[in-house]
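Right, one structure below, let's go through it.
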Amino acid sequence: MKYLLLLVLLISPLIYATEQPIKGYGNYYSVPEHDEINDATVFKIAFDVGDGAEKGKKNNSMNSLARFINMHVAHGVKPKKIQLALVVHGSASVDVLANSEYKQRFNIDNKNQNLIKQLLNSNTMVYVCGQSATHFKVAPEQLIKGVKMSLSAMTAHAQLQQQGYTLNPF
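When the letters of the sequence shown are read in order and numbered with my numbering, they come out as residues 49 to 218.
Have a look at this one:
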């Protein structure tokens, strides 16, 4: 019995590593003995990102959504029970520019585009604040396909809250 337990402990990190829905982002630690997550639990969570990444770098705050998804799927939560929203505003508004627009503006690739596309394909809604976008000269047609322009970040958060989303404090 103890050899079986040892085998499970040795193999489990390998199992978790192959189940990552978001590839190349969202590293996490395995926690084999965690408080149980009820099968009925549905995570409806909004993440708020206002600080932009250094030009040509990944936005680590956006990576938190990938970590949340990968960590929970690896620990038994079904992907359909993870419904996330990313609300982008402030200087982070340029981080959701399509790569062609980003490269034209900053002469370097947008390192966030791949992550945003994977998030959009993983049941995540992405909104950019229209007020910030206007300030930073970001037009709707310049956004990564699937990113939506909200009237404001405040509007997006208010509407998400009415739909049952909670705000992640991190």
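Just so you know, even glycine gets a beta-carbon here, dropped at the ideal spot from N, CA and C. Since this is a predicted model, take the numbers as computed values, not measurements.
Beta-bridge pairing by DSSP links residue 95 to 134. If you ignore the 5 residues before and after residue 215, its C-beta comes within less than 6 Å of the C-beta of 94, all in its own chain and listed in chain order. Judged by their CB atoms, residue 213 and residue 92 are nearer to each other than the 8 Å cut-off. Taking the Cα positions, residue 72 is about 13 Å away from residue 119. Comparing alpha-carbon positions, the option among 167, 76, 191 and 153 lying closest to residue 177 turns out to be 191.
When secondary structure is reduced to three states using DSSP, residue 175 falls in the strand class. The beta carbons of residue 208 and residue 167 sit no closer together than 8 Å.
Judged by DSSP in its simplified three-state form, residue 199 adopts coil rather than helix or strand.
Between residue 170 and residue 201 the beta-carbon gap is near 22 Å, outside 8 Å, which marks them as no contact. Cβ atoms of residue 145 and residue 79 stay farther apart than 8 Å, at about 36 Å.
Secondary structure of residue 182 (DSSP, three-state): helix. The shortest CA-to-CA distance from residue 184 to any of 104, 160, 134 and 98 is the one to 98. With contacts defined as CB atoms closer than 8 Å, residue 160 and residue 101 qualify as a contacting pair. In the DSSP annotation of this structure, the continuous segment of the alpha helix (DSSP H) that includes residue 149 starts and ends at 147-154.
Around the Cβ of residue 150, a 10 Å sphere holds 16 or more other Cβ atoms; the residue is buried.
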